[in-house]
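Chemist: Numbering (my numbering), first residue to last: 17 to 164.
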Amino acid sequence: MAMNLSSSSRRSRRARRAAMAEINVTPLVDVMLVLLIIFMVTVTLPAVGVPLELPESRANAVEETPDQVTISIDAQGRIYIENEAIAAGALPDALAALDRGGTGELPTIVLRGDRSLDYGRVMAVMGELGRAGFTSISLVTDGSVTPP
């Protein structure tokens, strides 16, 4: 009888060890899917926080690069480099202070202008960009489905 007790205790130890050897990956998959969804939502958020009403265009989308600099002009004509407002008349100094990288190459400028702006105001900013040596300028618009 003592032998039966010892063999049954051995079986129960083996059964406990076998159950511990299995890993349940379902919670891991759930967490990874939630992280993936969060990542996908945050990546698609707009990077620039200056609220503008952009003009419409049927132009093809331009590829974003990490070294580009966004310049925005709001409806009142205030100029922003990324999210920082530039004082009136200080645009040439702000453009000279832009980081040109280790190679000395000028970054691509992405120009966003409110649709209610005077054409002359946008051209004045583009003229200052040209004077500062920035020759690669992309104009940002909203998509449109109807031709002009």
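Note that beta-carbon positions come from the ideal geometry of N, C-alpha and C, so glycine has one too.
Count the other CB atoms within 10 Å of the CB of residue 51; is the residue buried (16 or more) or exposed (fewer)?
Modeler: exposed
Chemist: Report buried or exposed for residue 156, applying the criterion of at least 16 other Cβ atoms within 10 angstroms of its Cβ.
Modeler: buried
Chemist: Secondary structure at residue 94, three-state DSSP: helix, strand or coil?
Modeler: Three-state DSSP puts residue 94 in coil, outside helix and strand.
Chemist: The alpha helix (DSSP H) with residue 87 in it runs from where to where?
Modeler: First-last for residue 87: 85-89, but that is the beta strand (DSSP E), not the alpha helix (DSSP H).
Chemist: Which whole-angstrom value describes the C-beta separation of residue 93 and residue 137, a residue pair presumed to lie in contact below a C-beta threshold of 8 Å?
Modeler: 5 Å
Chemist: Relative to the alpha-carbon of residue 107, which residue among 162, 53, 88 has its alpha-carbon at the smallest distance?
Modeler: 88
Chemist: Determine whether the beta carbon atoms of residue 95 and residue 141 lie at a separation below 8 Å.
Modeler: yes
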